[in-house]
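**Q** Have a look at this one.
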DNA sequence: TTATTTATTAAACATTTGTTTAGTTTTAAA
DNA sequence: TTTAAAACTAAACAAATGTTTAATAAATAA
């Protein structure tokens, strides 16, 4: 790992848990074991470091859903199942960073970053829209509101993992319960979301 | 409005749009037309001002759903409809403040505030759980995962209004489109969510 | 009225902030 | 080996931060 990457990794960690303005460049430098000046040397400014963080994460993000559209082996609803599993997997494996992006989006600061961020978050939106649209066109799916159906899937997964406190309160769990990386919860969420979509999308429920 | 309230109102506005650490006490004082020292005079510290903001907002929040449980005039699904309308109404009328609370929840700072906040956000959760539970017990509703069904409703409404950029990208709208206080979108979201819940909850769909 | 508490002010305070400078070491090319 | 570019450091910089002080004005009580 290059020193540049070391800084980015520390920035991801600290921005994720304490927010952008809640993290000082000295915090980052200390965590990375690097002189403070190196941050401006490599990135120019704290804000540009943030941009680099976003770019860095985006570079690991493949568009997994584009090949799904023309997949002939899977039925329409199986494609939806696959998508749900992927979204849950991704959210559970990287919830803290997802929070960082959503926090940034809801702020009225750094507008140029917000476009890049929403691009990352919704990278796969068009293929998924197409899958639902195809299902409707071929008569397998009900004529639903495509965009809002998608919002439901993403929103359900996202909201459950908003924070441990929220998750505990919703599920009626004790304070110790930690939702992130909880395999049982992951399974439960998957089952619920798939069942919900089958019930809502499918015309013929006998499948 | 007392001077204390003036400060709180300015704090709500600025914390909502720029975040807690992104807002300085001088920003707040200037917006409220008040000397900087008055903030510490009235509230003790910036952090305690934040607590007062949360308390202030909570004091306006009535528990609208508790009386709904024992309402005999409405059917089970009509109660769900009512709840959805209420949640949408509330979210659209106060989206920015809701964002502030969710940002704070997802940060690993100020843990004592997070409990108060999740309490506010999920004030009505128990009555709503009861309504779904009753529907299942009387055989009108399918035996669904109650907590996650609730998460779906809240999550759908919440996610659509995460930010204008996200909403634009999901709906395929131009940059100018502003979702907040958009009556058409409000109606569309209500129809989608109610249709979804009827499809998922009701055993006998002929209603 | 006078006395006393409350409200308000401008200025100062001590830290912390992101960033830059000027110098040094390391690396790599000529 | 010499030279020049790149990497790195400790220190300084200016600005902004939350908070406190000391003095004054206003409101209230005796």
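Chains as they are written, first to last, in our numbering: chain P, 26 to 232; chain W, 26 to 232. The beta carbon of each residue, even a glycine, is placed where N, CA and C say it ideally should be. Predicted model, so just to flag it, every value in this text is computed and none were measured.
1. Return the CA-CA distance between residue 41/P and residue 229/W, expressed in angstroms with no decimal places.
2. To which residues does DSSP link residue 166/W through a beta bridge?
3. Do you know offhand how far residue 183/W's Cα is from residue 180/P's?
4. Do the CB positions of residue 34/W and residue 50/W come within less than 7 Å of each other?
5. Going along the chain, which residues of its own chain have a beta-carbon closer than 6 Å to the beta-carbon of residue 105/W, five neighbours each way excluded?
6. Tell me which same chain residues have a C-beta within less than 6 Å of the C-beta of residue 232/W, skipping the five on either side of it?
7. So what does DSSP say about residue 91/W, is it helix, strand or coil?
8. Specify the secondary structure class of residue 144/P as computed by DSSP and reduced to three states.
9. Sorted by chain position, which residues of the same chain lie with C-beta nearer than 7 Å to residue 68/P's C-beta, five sequence neighbours on each side aside?
10. Can you name the start and end residues of the alpha helix (DSSP H) that residue 65/W belongs to?
11. Going along the chain, which residues of its own chain have a beta-carbon closer than 8 Å to the beta-carbon of residue 143/P, five neighbours each way excluded?
12. Counting contacts by CB-CB distance shorter than 7 Å, is residue 48/W in contact with chain P?
13. Pairs of beta-carbons, one from the region 91-100 of chain P and one from the region 86-99 of chain W, closer than 8 Å: are there three or more?
14. Under 7 Å Cβ to Cβ from residue 110/P, same chain only, skipping five residues before and after it: list those, please.
15. Tell me the residue span of the alpha helix (DSSP H) that contains residue 135/W.
16. Quick check: does the Cβ of residue 164/W come within less than 6 Å of any heavy atom belonging to the ligand SAM?
17. In the DSSP assignment, the alpha helix (DSSP H) including residue 189/P goes from what residue to what residue?
18. Which value, in whole angstroms, describes the spacing of the CA atoms of residue 211/P and residue 53/W?
19. Residues of the region 179-193 of chain W in Cβ contact with chain P at a cutoff of 7 Å, in chain order, please.
20. I'd like to know whether the C-beta of residue 155/W is nearer than 7 Å to at least one C-beta of chain P.
**A** From the atom records:
1. By one-based count along the first chain, residue 41/P stands at place 16. By one-based count along the second chain, residue 229/W stands at place 204. Cα to Cα, residue 41/P sits roughly 46 Å from residue 229/W.
2. Residue mapping note: residue 166/W aligns to position 141 of the second chain, counting from 1. Looking at the DSSP output, residue 166/W sits in a beta bridge with 227/W.
3. As a working note, residue 183/W is residue 158 in the second chain. As a working note, residue 180/P is residue 155 in the first chain. Looking at the two C-alpha atoms, the distance is approximately 7 Å.
4. Taking the first residue of the second chain as 1, we reach residue 34/W at position 9. Taking the first residue of the second chain as 1, we reach residue 50/W at position 25. With respect to residue 50/W, residue 34/W sits apart: the two C-beta atoms are not nearer than 7 Å.
5. The residue you call residue 105/W lines up with position 80 of the second chain. Closer than 6 Å at Cβ, skipping near neighbours: 222.
6. Indexing the second chain from 1 puts residue 232/W at position 207. Because residue 232/W carries a pLDDT of 48, less than 50, the predicted location of this residue cannot be relied on, and the following value inherits that uncertainty. Cβ neighbours of residue 232/W within its own chain (closer than 6 Å, five residues either side excluded): none.
7. For the purposes of this step, residue 91/W is taken as the residue at position 66 of the second chain. In the structure shown, residue 91/W sits in a helix (DSSP, three-state: H, G or I).
8. To locate residue 144/P, count along the first chain from 1; it is residue 119. Here DSSP, grouped into helix, strand and coil, assigns residue 144/P to helix.
9. Taking the first residue of the first chain as position 1, residue 68/P is located at position 43. Close CB contacts of residue 68/P within its chain, under the 7 Å cut and outside five residues either way in sequence, are with 74, 77 (chain order).
10. As a position in the second chain, residue 65/W is number 40, starting the count at 1. Unbroken alpha helix (DSSP H) run through residue 65/W: 62-68.
11. To locate residue 143/P, count along the first chain from 1; it is residue 118. If we look at residue 143/P and ignore the five residues flanking it on each side, its Cβ neighbours are 130.
12. One-based indexing of the second chain puts residue 48/W at position 23. Residue 48/W has a beta carbon lying at 7 Å or more from every beta carbon in chain P.
13. Remark: fewer than three beta-carbon pairs, one from each stretch, lie closer than 8 Å, so the region 91-100 of chain P and the region 86-99 of chain W are not flagged as touching.
14. Residue numbering aside, residue 110/P sits at position 85 when the first chain is read from its first letter. Scanning its chain for C-beta atoms nearer than 7 Å, with the 5 sequence neighbours on each side dropped, one finds around residue 110/P the residues 215, in chain order.
15. Stepping through the second chain from its first residue, residue 135/W is reached at position 110. For residue 135/W, no alpha helix (DSSP H) run applies, since DSSP gives it neither H nor E.
16. Of ligands this structure carries none, so the ligand SAM is not represented either.
17. By 1-based counting over the first chain, the position of residue 189/P is 164. 189-196 is the span of the alpha helix (DSSP H), which, as asked, contains residue 189/P.
18. Position 186 of the first chain holds residue 211/P. Position 28 of the second chain holds residue 53/W. Straight across, the Cα-Cα distance linking residue 211/P with residue 53/W is about 42 Å.
19. Result list: 179, 180, 181, 183, 184, 185, 187, 188, 190, 191.
20. Along the second chain, one-based indexing puts residue 155/W at 130. Taking Cβ atoms only, chain P never reaches closer than 7 Å to residue 155/W, which makes this a no.
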